[in-house]
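Protein chains: 2
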Amino acid sequence: MGYSDVDQLAINTIRILAVDATSRANSGHPGAPMGLAPLSHVVFNKFMNFNPKNPKWLNRDRFVLSNGHGCMLQYALLHIYGYALSLDDLKSFRQIDSITPGHPEAHDTPGVEVTTGPLGQGFANAVGLAIAQAHTGAVFNKPGYDLVDNYTYCIFGDGCAMEGIASEAASSAGHLQLGNLICLYDDNHISIDGDTAVAFTEDVTKRFESYGWHTEWVKDGDHDLAGIEAAIQRAKEVKDKPSMIKITTTIGFGSKLQGTGGVHGNPLKADDAQSVKKAFGFDPEQSFAVPQQVYDLCNKRAAEGAAKEQEWNALFEKYASEYPAEHADLARRISGKLPEGWEKNLPRYSPSDPAVASRKLSETVLEKIYEAVPELLSGSADLTGSNNTRWKAAVDFQPPSTGLGDYAGRYLRYGVREHGMAAIMNGISAYGTLIPAGGTFLNFVSYAAGAVRLSALSHHRTLYIATHDSIGLGEDGPTHQPIETLAHFRALPNIMVWRPADGNETSAAYYSALTSHSTPSILALTRQNLPQLEASTIEKALRGGYVALEAENANVTLVSTGSEVSLCIDAAKYLKEQHNVVARVVSVPCFEIFDVQDKEYRLSVIPDGIPSLSVEVMSTLGWDRYSHEQFGLNRFGASGPYKEVYKKFEFTPEGISKRAIATIDFYKGYKVRSPINRAFQQLI
Amino acid sequence: MGYSDVDQLAINTIRILAVDATSRANSGHPGAPMGLAPLSHVVFNKFMNFNPKNPKWLNRDRFVLSNGHGCMLQYALLHIYGYALSLDDLKSFRQIDSITPGHPEAHDTPGVEVTTGPLGQGFANAVGLAIAQAHTGAVFNKPGYDLVDNYTYCIFGDGCAMEGIASEAASSAGHLQLGNLICLYDDNHISIDGDTAVAFTEDVTKRFESYGWHTEWVKDGDHDLAGIEAAIQRAKEVKDKPSMIKITTTIGFGSKLQGTGGVHGNPLKADDAQSVKKAFGFDPEQSFAVPQQVYDLCNKRAAEGAAKEQEWNALFEKYASEYPAEHADLARRISGKLPEGWEKNLPRYSPSDPAVASRKLSETVLEKIYEAVPELLSGSADLTGSNNTRWKAAVDFQPPSTGLGDYAGRYLRYGVREHGMAAIMNGISAYGTLIPAGGTFLNFVSYAAGAVRLSALSHHRTLYIATHDSIGLGEDGPTHQPIETLAHFRALPNIMVWRPADGNETSAAYYSALTSHSTPSILALTRQNLPQLEASTIEKALRGGYVALEAENANVTLVSTGSEVSLCIDAAKYLKEQHNVVARVVSVPCFEIFDVQDKEYRLSVIPDGIPSLSVEVMSTLGWDRYSHEQFGLNRFGASGPYKEVYKKFEFTPEGISKRAIATIDFYKGYKVRSPINRAFQQLI
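Top line first, the protein sequences correspond to chains A and B. Under full-length UniProt numbering, the first residue of the first sequence carries the number 1, and numbering increases by one thereafter. Under full-length UniProt numbering, the first residue of the second sequence carries the number 1, and numbering increases by one thereafter.
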């Protein structure tokens, strides 16, 4: 429990590095790092097990800085402990193409576990990391082999505490009794609007107690290192509750503006920076100075971590002989590879198979693959029976004491907490041993938009099972019928938006989602039944778009997705019979995959020479990419039996035909070029 | 406090109507109405002041059913109390074009205050309604004239309680000490996944206490009408805290499946429906039967409400003579009209005016109009200094006891609670006397997407001040730089998405937003400075799109928004000088308004004969509407000084020129038709 001058020096070094980096960038947040330096020093130097030379060691303790704007804290820590983050990287803080961006990005910076900055996300990620640890431990630990027993430490501030996503995740974590989660609340009373007295006067500790958390309070987080250590130690001893330690700190500790909003989001003035350095015994003329004693202290800790990893590796090797199957499974998961041949379980359909809702087709996939893919952890935001996300034999992920399941269970009841679910899924994905899938209605993926964006930005392999994907949900009405949602996520980079038209396309969506190692997927699925298409195969669907109905000398191509593909096929028949017009039909279940097919193929699907008309029962925005004209729904839907809703908006063979003919007429006399042709390549 | 058999009959009538309507629709949620009938009877019959013949009477008590799936409760109540909602309307439950859709929609159904169903929204709306009451009362009430003193009653269930949006709103309401807000928690232990024990085991009462709420618990909400009444009475007496009354009920009370998930989201089986009717003394063969005594009881209450409105009207008339200015102001607000001539305060700019960030231009508008538009209530989700949402003389809306402001204050500190803010704004708008404006970064409007959607669906005049609107925010990096956000909201029906290019366009955005009575607006504003355009005027910008730089015999039209318009003008110069290519430049600050201009005008802006290229530093999705080719950013941004970020992605005169030339080349030899021409009209 002893703390020496070197500890204080390490703390002040972190503070000064934050001052220097924000000054050099003339941008950033010095206040949080200066206030958090003491507690983060205790966490890193006394508790965290990690090996900076292998930031991916499975059983490392996880550290999450949920108030990501304070990232100079994290970068400074990573540097002094010897991660691959140099002084030059600190000098490039907030500069183009540096590994020290304005907020921490997990896929770019070694030692950053999750991408944070959008407030509340990191806190919920930490809950996901803790869930993944609990599950992985429950599956793989054996007597004498505590292979997976790490803790997750998360710092969060007032901003995170105010965000609903953190409330959702905290309530879940309390329910799940995650004793391996220790969250340190930076109680500094300052947010961007100044003193939190203007908007945030709740009793945070009491709130966390109401969720079932163990709580602690360290009143002088600026100086009481022993108190911080003791509180964390007590928290570690509480095994059946997550812990929230409120640590009262002074934002910008050492600055003339300490304790005020003035030090939150702006670099210190030059004279203030100098005076801080003087006060902490640093040379005011020097920048980015790290005393050798600090490196020595941190290297010692890092060496202890490296030794722990060595021990772990030896244990894991021994485990191989005693539990070869489990060893192979865990080693495979760590490598990121899926089990050999898992995809053979994907169901295939022929046209004679009955019409089935794609949410049910999705359930069938889960039933068929859950044994082959043990890292798949499904769940739903309280819509299990509607999302069809639970295979029959599933066991719930629950604290054993509840009698409702156990930590080895692979089905997570997220509650009505879509945003929390998505961010928890990101955390589960970040842990490295699981692939999370979570269900809600497509319309309510919007509630989770902040976290879905981070799934994409952080390269998480997460699956959003988004059922009730259109006006086809019928009676629930406009409040539940997505119009803008597909456009929204099609505009988001690095995410696959699938809208399968039948069983083979649904299987393809799962194949794509599970094999896309660095990309999340949204599977938009119907409530209503869909016939099995004549031309569909898994392989064709995996090209993102394909010809669902070919025709010679066609007058028009109908381009569509999901439930409207079979409708377009009916429309093609109607056009032939009623108007002697020949229509081809194309299914584009996934824009993002179709877009990266070779141009020749794409042009074979949407050819030159004839106009194309898109048909999708939601916003037409973005459909110009594949069509000359668009038939969609640029208004809110309606409450009623779904067939009547479709009819109201003219999504019928007649309604489509009318627009197909208008499209053909409109392009008469024009040299029609496929929209696949573009003047230049987009930046991607 | 006496309750008679007629009360019980009224309660059972509500239950039976819910059973009948869901059975007839073969869809819907009977369980919640059956469980909530007793407490809603007490609320409507003993507490609520309302006049069914004038559902818009200002000082009525507000009723919000946050668990909107239980809307047959609300429809049944509205019917029996004599609102313009007939038995036939109940029979049309969940049918196309009925006023009884699957979830309550405020703009369609008399007596429905806010649109609910997406969970948590109604609860947060109720907080907004209470804020609006407190503010309106503080502004207009005078000694002897308690003109505005209504209560807001809100029922919410476990689902709402789990949603983060409700947590955010509850924390705000506690801070704001809203004594006029009484929330009734339907503690029935059932959500879609079954017993809440699977996911929701927190102590809800303790949580609300942590927020500073007064709490009560009625243990037998199925029978203890007097207990419910007493709890509400005590809640009304607590003037400085909102109240949460936990009322333990039995979902589906009376059904064979009562107390289980089986009665949540499905109509009762025929035999169960019959047995319920028998048990409650109704004829099992009859449907939609309302005993005359029930109508009589409810009519009596409604008549009392009508009399209260009469008294109020008399008081308001008397107020006119004593406080003519205030009377005129309030009467005008109720009428929905803006003050005469307010728009004369909108600043106008000429090209010689300095370059200014549009977030600052927005602040200038607020400074200029706040006195003229007293119903404007601004605020921010803890980004006041960044969003520039606060005029200098603003007083905070705060409980007077805090010493930080008062309830007449027109600036709301929402805290870091974007989703809560947006839903609270919807509630404030729904009250009828205020126009709420709320700020956050554009990227974090996504956190609020669920509520923004309801702003649009419910026709609320809310203003989202969305600053830091692109990679132009610079150093904060990809976590904060929107890519998909404008596409997302452009795909959402009934919302204006403005991205002004300069001062005149910013003034136009405010003019449009404030005069769009039934449509919300998002104002996407820059962090970086923008020059004042040569050709811009408020009037031109109010056409949604206009020619910012005209040129004869042009080779290409560059179509753009916001910060990229001046960049396109620079590119046009560069094209002329370096390539002897003539480019026109078009600014389209608001798609939704441009789309409804006459075709001739639109074709004059984006003419036939030459190709057009769009330029916007975010997703290109949707830009095909106005351009043949698109230059945008279909990947995440980068952290760095903003000019370097623009350069990295080639958003420079050179980069634009390169693509303009590629576009011109690509269309050589083609008969180029403006994308304004379409084969058929979209459904809107």
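Note that CB positions come from ideal geometry on N, CA and C, so glycine has one too. Small disclaimer: the values here were computed from a predicted structure and weren't measured.
- Under the Cβ criterion of 8 Å, B:Thr433 is not counted among the residues facing chain A.
- Residue-level contact by beta carbon fails for A:Ala572 and chain B, as no gap is shorter than 8 Å.
- By the beta-carbon neighbour count (other beta carbons within 10 angstroms, threshold 16), B:Asn150 is buried.
- One alpha carbon belongs to B:Asp382, the other to A:Asp502, and they sit about 46 Å apart.
- Taking a contact to require three or more Cβ pairs closer than 8 Å, the region 461-478 of chain B and the region 640-657 of chain B qualify as touching.
- In this structure, A:Ala541 sits away from A:Ala583, with a CB-CB distance that is not shorter than 8 Å.
- One finds Ile96 in chain B with Cβ atoms closer than 9 Å to the Cβ of A:Val645, taken in chain order.
- Annotation: B:Leu268 to B:Lys256 spans about 9 Å, alpha carbon to alpha carbon.
- At the C-beta level, A:Gly405 and A:Pro500 stay beyond 8 Å of one another.
- Judged by their CB atoms, B:Ala132 and B:Cys183 are not nearer to each other than the 8 Å cut-off.
- Taking a cut-off of 8 Å on C-beta distances, the region 264-282 of chain A does not touch the region 202-216 of chain A, as fewer than three cross pairs fall below it.
- With fewer than 16 other Cβ atoms from the protein chains shown falling within 10 Å of its own Cβ, B:Tyr670 counts as exposed.
- Of all alpha-carbon atoms in B:Tyr510, B:Val565, B:Tyr626 and B:Leu613, the one lying nearest the alpha-carbon of B:Phe591 is that of B:Tyr626.
- Closest by C-alpha distance to B:Glu375, out of B:Ala173, B:Trp498, B:Thr215 and B:Gly409, is B:Gly409.
- Identification of residues in the region 563-593 of chain A having a C-beta nearer than 9 Å to some C-beta of chain B yields an empty set.
- For the region 264-287 of chain A, the set of residues with a beta-carbon nearer than 9 Å to any beta-carbon of chain B comprises Gly265, in chain order.
- Beta-bridge analysis with DSSP links B:His214 to B:Ser243.
- Under the three-state reduction of DSSP, A:Gly415 is assigned to coil, being neither helix nor strand.
- In the three-state scheme derived from DSSP, where H, G and I count as helix and E and B as strand, A:Lys337 is classed as coil.
- Secondary structure note for B:Asp5: it is in no beta strand (DSSP E), and the uninterrupted alpha helix (DSSP H) holding it is Asp5 to Ala25.
- Close to A:Asp476, with beta-carbon spacing below 7 Å, are these residues of chain B in chain order: Gly102 and His103.
- Taken through DSSP and simplified to helix, strand or coil, B:Phe594 comes out as helix.
- The way I'd put it, the region 460-468 of chain A doesn't touch the region 84-103 of chain B; fewer than three beta-carbon pairs between them come closer than 8 Å.
- With the criterion set as a beta carbon lying under 8 Å from some beta carbon of chain A, the members of the region 438-449 of chain B are Asn443, Phe444, Ser446, Tyr447 and Ala449, in sequence order.
- Here A:Arg348 is exposed: its Cβ has fewer than 16 other Cβ atoms, across all protein chains shown, within 10 Å.
- For B:Gln258, the three-state secondary structure derived from DSSP is coil.
- With contacts defined by Cβ atoms closer than 8 Å, B:Val42 and B:Ile228 form a contacting pair.
- Shortest Cα-Cα distance from B:Ala548 to any of B:Ala37, B:Ala76, B:Asn677 and B:Asn504 involves B:Asn504.
- Below the 7 Å Cβ cutoff, chain B contributes Glu202 as neighbours of A:Tyr211, in chain order.
- Burial check for A:Val395: the Cβ neighbour count within 10 Å stays below 16, so the residue is exposed.
- In this structure, B:Gly252 lies near B:Met34, with their beta-carbon atoms less than 8 Å apart.
- With respect to A:Gly117, A:His107 sits apart: the two C-beta atoms are not nearer than 8 Å.
- From the beta-carbon of B:Arg207, the residues of chain A found nearer than 7 Å are Arg207 and Ser210.
- Rounded to the nearest whole angstrom, the CA to CA distance from B:Ile661 to A:Asp624 is 22 Å.
- Taking the CA atoms as reference points, A:Gly379 sits about 24 Å from A:Glu326.
- Under the 8 Å Cβ criterion, the region 159-175 of chain A counts as touching the region 160-171 of chain B, having at least three qualifying pairs.
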